[in-house]
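Undergrad:
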Amino acid sequence: MELLGGHNNNRMSLLLVILLFTCTVTILQTTTHAQDSPQDFLNAHNAARAQVGVGPIRWDNTVAEYARRYANQRKGDCRLVHSSGPYGENIAWGRPDLSGVNAVRMWVAEKADYDYNSNTCRAGRVCGHYTQVVWRNSVRLGCAKVRCDNNRGSFITCNYDPPGNWNGQRPYDMLASFVDQY
């Protein structure tokens, strides 16, 4: 009886180890893809847009496919080079693994450098990523993320249709957003 019981305990221990390993791998895979889903990108964009009274942007599979193809082209070098395509575009690179949500947060952080009254960035600063995120006429979004070859980080691109950042135009109407709040 004891031998049989010992054998069952060994089998049970082995099953527990396999189960624990499987759960760990599943958790690691889940956290690797956390904050990179279409909904994650949308939520981050729409939170910033809502702050200035701009309506939500929606996911577009055609725009997302364009983003995916371009991200795959950058996978080998992960250089921050724009695609020069038909869409508005924000790109980011980060190491070891930049999430899509954190890329959007970086772009939105440029809000501090945008002066609505003059419709310009503060001297020596960049704010065009932020203005593209909140551009009121951009209503379709597609984003993609790739891991760079040789563990060189992650490359993220978001594309916007129609594109924003037109000279002489503001990304949103502050008066309209103020009125909407009250």
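Sequence positions in the sequence shown follow mature numbering (1 follows the signal peptide of the UniProt record, and there is no 0) and run -28 to -1, 1 to 154.
Quick reminder that beta carbons are idealized off the backbone N, C-alpha and C, glycines included.
1) I need the straight-line Cα distance from Asp8 to Ser71, nearest angstrom please.
2) Using 8 angstroms as the threshold, is the segment 127 to 143 in touch with the segment 35 to 51, meaning 3 or more CB pairs across them?
3) Under three-state DSSP, which class holds Ala22?
4) Determine the extent of the beta strand (DSSP E) in which Glu82 is found, giving its start and end residues.
5) Rank Glu82, Trp107, Val106 and Cys50 by C-alpha distance to the C-alpha of Ala95 and give the top, closest one.
6) Bridge partners of Ile63, per DSSP?
7) Can you say whether Tyr42 is buried or exposed, counting buried as having 16 or more other CB atoms within 10 angstroms of its CB?
8) Going by C-alpha distance, which of Gln11, Asp49, Cys50 and Gly48 is nearest Asp32?
9) Ends of the alpha helix (DSSP H) at Gly100?
10) Under 8 angstroms Cβ to Cβ from Arg124, same chain only, skipping five residues before and after it: list those, please.
11) By the 10 Å Cβ neighbour count, where 16 or more other Cβ atoms means buried, how is Gly27 classified, buried or exposed?
12) With distances taken from CA atoms, which of Asn89, Trp79 and Asp85 is nearest Asp145?
13) Whose C-alpha, out of Asn122, Asn91 and Arg40, is nearest the C-alpha of Asp69?
14) Quickly, what does DSSP pair Cys93 with across the bridge? List them, please.
TA: The answer reads as follows:
1) As a working mapping, residue 8 is identified with position 36 in the sequence shown. As a working mapping, residue 71 is identified with position 99 in the sequence shown. Cα to Cα, Asp8 sits roughly 6 angstroms from Ser71.
2) With the cut-off at 8 angstroms, the segment 127 to 143 and the segment 35 to 51 touch.
3) Reading the sequence shown from its first residue, position 50 is the one you call residue 22. Helix.
4) For the purposes of this step, residue 82 is taken as the residue at position 110 of the sequence shown. Where Glu82 is concerned, there is no enclosing beta strand (DSSP E), because DSSP gives it neither an H nor an E.
5) In the sequence shown, the residue the question calls residue 95 occupies position 123. Comparing Cα-Cα distances from Ala95 to each of Glu82, Trp107, Val106 and Cys50, the minimum goes to Glu82.
6) Taking the first residue of the sequence shown as 1, we reach residue 63 at position 91. DSSP lists Thr129 as partners of Ile63.
7) Working through the sequence shown from its first residue, we reach residue 42 at position 70. The C-beta of Tyr42 has 16 or more other C-beta atoms within 10 Å across all chains shown, which makes the residue buried.
8) Reading the sequence shown from its first residue, position 60 is the one you call residue 32. Of Gln11, Asp49, Cys50 and Gly48, the residue nearest in Cα terms is Gln11.
9) Residue numbering aside, residue 100 sits at position 128 when the sequence shown is read from its first letter. Here the alpha helix (DSSP H) through Gly100 covers Gly100 to Val105.
10) Within the sequence shown, residue 124 is the residue found at index 152, counting from 1. Around Arg124: Cys50 and Arg67.
11) The residue you call residue 27 lines up with position 55 of the sequence shown. Here Gly27 is exposed, its C-beta having fewer than 16 other C-beta atoms within 10 Å.
12) As a position in the sequence shown, residue 145 is number 173, starting the count at 1. Checked all of Asn89, Trp79 and Asp85; the closest Cα to Asp145 is Asn89.
13) As a position in the sequence shown, residue 69 is number 97, starting the count at 1. Taking the Cα of Asp69 as reference, the smallest distance to any Cα among Asn122, Asn91 and Arg40 is reached at Asn122.
14) Translated into the one-based positions of the sequence shown, residue 93 becomes position 121. Partner residues in the beta bridge of Cys93, as assigned by DSSP, are Tyr86.
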